[in-house]
Amino acid sequence: MDWSFELNGFKNFLKLERGLAENSVEAYLRDTQKLFQFSELKQLSKKPGELKTDDIHLFLVFLNELGLEANSQARILSGIKAFYEFLNIEKLAQHDPTQLIDSPKITRKLPETLHYHEIEQMLGLIDLSKPEGPRNKAMIEVIYSCGLRVSELVGLKISDCRFKEGFVIVTGKGSKTRLVPIGQQAIKYANIYLNEIRPQVDIQSGYEDILFLNRRGKMLTRVMVFIIIKDLAEAAGIRKQISPHTFRHSFATHMVEGGADLRAVQEMLGHESITTTEIYTHLDRAFLQQTLREFHPRGGKI
Numbered sequence: 002m003d004w005s006f007e008l009n010g011f012k013n014f015l016k017l018e019r020g021l022a023e024n025s026v027e028a029y030l031r032d033t034q035k036l037f038q039f040s041e042l043k044q045l046s047k048k049p050g051e052l053k054t055d056d057i058h059l060f061l062v063f064l065n066e067l068g069l070e071a072n073s074q075a076r077i078l079s080g081i082k083a084f085y086e087f088l089n090i091e092k093l094a095q096h097d098p099t100q101l102i103d104s105p106k107i108t109r110k111l112p113e114t115l116h117y118h119e120i121e122q123m124l125g126l127i128d129l130s131k132p133e134g135p136r137n138k139a140m141i142e143v144i145y146s147c148g149l150r151v152s153e154l155v156g157l158k159i160s161d162c163r164f165k166e167g168f169v170i171v172t173g174k175g176s177k178t179r180l181v182p183i184g185q186q187a188i189k190y191a192n193i194y195l196n197e198i199r200p201q202v203d204i205q206s207g208y209e210d211i212l213f214l215n216r217r218g219k220m221l222t223r224v225m226v227f228i229i230i231k232d233l234a235e236a237a238g239i240r241k242q243i244s245p246h247t248f249r250h251s252f253a254t255h256m257v258e259g260g261a262d263l264r265a266v267q268e269m270l271g272h273e274s275i276t277t278t279e280i281y282t283h284l285d286r287a288f289l290q291q292t293l294r295e296f297h298p299r300g301g302k303i
């Protein structure tokens, strides 16, 4: 269902009626586009004026499941409320489905989200002169670049790393695999570890294809990754409840707040489809790569 008429009208309304600056206009439009993307994901086949309050509630639940913090959800809702204000003024909607929604519906407490400068601070504190330093830096770059679960990180195989193509094959929940784009920073440090550090490890039988190994040549445990990240956060003076999952939520938050397409973010995270899997199998892989390069803070940096 095409929303271009309503969105273009909203853009003009913000510029001419509200007198907002270009950056503010673009921010409002990005938030409204997220509702449109959700409508497509759910295959609602509705114009914006036809959406109901329940549809808006489901949208907020979806944002929550992606990992967005409450304040980010509230900001997006504010933009959508402005959109419906415009639709009602222009008689493009007979009701306002956001009228009875005062705040985001938080269905569960989310882990903390790191700011980008905090992630950079943690990365900067890794001692690369120690044998585990390049490995730890590569791990954090990869988990943040790809939005991985910690189990997906520790189980990542060398044979599934297609760095030349800019992708990794990830095995997620239920042994389901997905193709996830990986940023240039993560590729750079993963290759340094793979080519310079890992060959010095006495690799135990059965772990030859595992990318990240402990000093005994075996696969890292999830607990070990948790300890590495927790110690780095403490060293950086970050007073938050940090875990490997924090990087997954930070990935989703930074991508969505930067303007990334919701379909692309959900595909990268490996969430279950909220409609049908066909939506995702038809997503262009080049589109996912471009999304990562454009909207991930470290996606295109070398």
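Numbered by the working numbering, the letters in the sequence shown go through residues 2 to 303 in order. A virtual CB, placed ideally from N, CA and C, is assigned to each residue, including glycine.
Checklist entry - So who's on the other strand from M220, going by DSSP bridges? => result Residue mapping note: residue 220 aligns to position 219 of the sequence shown, counting from 1. M220 pairs with L214.
Item to check | Residue(s) in a DSSP beta bridge with D240 | outcome: The count along the sequence shown starts at 1 and reaches residue 240 at position 239. One point to set straight first is that residue 240 is Arg, not Asp, in the sequence displayed. Note: R240 sits in no beta bridge, so no partner.
Next on the checklist: Tell me which residue opens and which closes the beta strand (DSSP E) that T178 is part of.
Outcome noted: Start at 1 with the first residue of the sequence shown, and residue 178 comes out as number 177. Segment T178 to P182, the beta strand (DSSP E) holding T178.
Next on the checklist: Just to confirm the assignment, what range does the beta strand (DSSP E) spanning I170 have?
Outcome noted: Residue numbering aside, residue 170 sits at position 169 when the sequence shown is read from its first letter. First-last of the beta strand (DSSP E) with I170: F168 to T172.
Checklist entry - Which residues in the same chain have their Cβ closer than 6 Å to the Cβ of E142, if we skip the five residues on either side of it in sequence? => result By 1-based counting over the sequence shown, the position of residue 142 is 141. The residues Q186, A187 and Y190, in chain order, have a CB closer than 6 Å to that of E142 in the same chain once the five nearest residues on each side in sequence are set aside.
Next on the checklist: Could you tell me the alpha carbon to alpha carbon distance between L263 and D203, rounded to whole angstroms?
Outcome noted: For the purposes of this step, residue 263 is taken as residue 262 along the sequence shown, with counting starting at 1. For the purposes of this step, residue 203 is taken as residue 202 along the sequence shown, with counting starting at 1. Rounded to whole angstroms, L263 to D203 spans 43 Å at the Cα level.
Checklist entry - Which whole-angstrom value describes the C-beta separation of F168 and V151, a residue pair presumed to lie in contact below a C-beta threshold of 8 Å? => result If you number the sequence shown from 1, residue 168 lands on position 167. If you number the sequence shown from 1, residue 151 lands on position 150. Not quite, the Cβ-Cβ distance comes to about 20 Å (not below 8 Å), so this is no contact.
Checklist entry - Are F37 and F60 close, meaning C-beta to C-beta below 7 Å? => result Taking the first residue of the sequence shown as 1, we reach residue 37 at position 36. Taking the first residue of the sequence shown as 1, we reach residue 60 at position 59. Contact flag unset, no.
Next on the checklist: Within the continuous alpha helix (DSSP H) that includes D32, where are the two ends?
Outcome noted: Your numbering for residue 32 matches position 31 in the sequence shown. DSSP places D32 in the uninterrupted alpha helix (DSSP H) bounded by E23 to L42.
Item to check | Coil, strand or helix - K82 by DSSP | outcome: Position 81 of the sequence shown, counting from 1, holds the residue named residue 82. The answer is helix: DSSP assigns K82 an H, G or I state.
Checklist entry - Cβ of I229 within 7 Å of Cβ of N89? => result Taking the first residue of the sequence shown as 1, we reach residue 229 at position 228. Taking the first residue of the sequence shown as 1, we reach residue 89 at position 88. In this structure, N89 does not lie closer than 7 Å to I229 by Cβ.
Next on the checklist: Determine whether the beta carbon atoms of V155 and L221 lie at a separation below 7 Å.
Outcome noted: Within the sequence shown, the letter at position 154 stands for residue 155. Within the sequence shown, the letter at position 220 stands for residue 221. Closer than 7 Å, so yes.
Checklist entry - Where R31 and E70 are concerned, what is the direct C-alpha to C-alpha distance, given to the nearest angstrom? => result Locating residue 31 in the sequence shown gives position 30, counting from the first residue. Locating residue 70 in the sequence shown gives position 69, counting from the first residue. The alpha-carbon atoms of R31 and E70 are separated by roughly 17 Å.
Checklist entry - Quick one: Cα of Q205 to Cα of K177, how far? => result Within the sequence shown, residue 205 is the residue found at index 204, counting from 1. Within the sequence shown, residue 177 is the residue found at index 176, counting from 1. Rounded to whole angstroms, Q205 and K177 show a C-alpha spacing of 26 Å.
Checklist entry - Can you find a CB in chain C that lies within less than 7 Å of the CB of V181? => result Chain labels in this structure do not include chain C; a single protein chain is all it has.
Next on the checklist: Under DSSP, the alpha helix (DSSP H) around E268 begins and ends at which residues?
Outcome noted: Numbered from 1 along the sequence shown, position 267 holds the residue referred to as residue 268. Per DSSP, E268 belongs to the alpha helix (DSSP H) from L263 to L270.
Checklist entry - Nearest CA to the CA of L233: which residue from V26, E86, I127 and Y29? => result As a working note, residue 233 is residue 232 in the sequence shown. Among V26, E86, I127 and Y29, the Cα nearest to that of L233 belongs to I127.
Item to check | Limits of the alpha helix (DSSP H) - the one that Q100 falls within | outcome: For the purposes of this step, residue 100 is identified with residue 99 of the sequence shown, where counting begins at 1. No alpha helix (DSSP H) holds Q100; DSSP gives it neither H nor E.
Item to check | Proximity below 7 Å, CB of L93 to CB of T54 | outcome: Start at 1 with the first residue of the sequence shown, and residue 93 comes out as number 92. Start at 1 with the first residue of the sequence shown, and residue 54 comes out as number 53. No, Cβ-Cβ distance for L93 and T54 is not below 7 Å.
Checklist entry - Which class does K106 belong to by DSSP, given the choice of helix, strand or coil? => result Counting from 1 along the sequence shown, the entry for residue 106 is found at position 105. Model confidence at K106 stands at a pLDDT of 48, short of 50, so the residue's coordinates are unreliable; what they give is reported in the following sentence. It is coil, neither helix nor strand.
Checklist entry - Helix, strand or coil: how does DSSP classify R249 here? => result Translated into the one-based positions of the sequence shown, residue 249 becomes position 248. If DSSP states are grouped into helix, strand and coil, R249 belongs with the helices.
Checklist entry - In terms of DSSP beta bridges, what is R163 paired with? => result Taking the first residue of the sequence shown as 1, we reach residue 163 at position 162. Partner(s): F168.
Next on the checklist: What would DSSP say about K158, mapped onto helix, strand or coil?
Outcome noted: Taking the first residue of the sequence shown as 1, we reach residue 158 at position 157. It is a strand residue.
Item to check | Reference H250, options L115, C162, P135 and S130, closest by Cα | outcome: As a working note, residue 250 is residue 249 in the sequence shown. It is L115.
Checklist entry - Quick one: is Q201 buried, meaning 16 or more other Cβ sit within 10 Å of its Cβ, or exposed? => result On the sequence shown, residue 201 is found 200 positions in, with the first residue counted as 1. Per the 10 Å Cβ criterion, exposed.
Item to check | Same chain, Cβ closer than 8 Å to R223, five either side skipped, listed in chain order | outcome: Locating residue 223 in the sequence shown gives position 222, counting from the first residue. Cβ within range, chain order: V151, S152, V155 and P245.
Checklist entry - Can you name, in chain order, every residue of its own chain whose Cβ lies under 8 Å from the Cβ of Y208, other than the five neighbours on each side? => result Along the sequence shown, one-based indexing puts residue 208 at 207. Only residues of its own chain outside the window of five on either side were considered, and among them L214, G218, K219 and M220 have a CB closer than 8 Å to the CB of Y208, listed in chain order.
Checklist entry - At which residues does the alpha helix (DSSP H) containing N342 begin and terminate? => result Any property of residue 342 remains undetermined from this structure, which presents the chain solely from 2 to 303.
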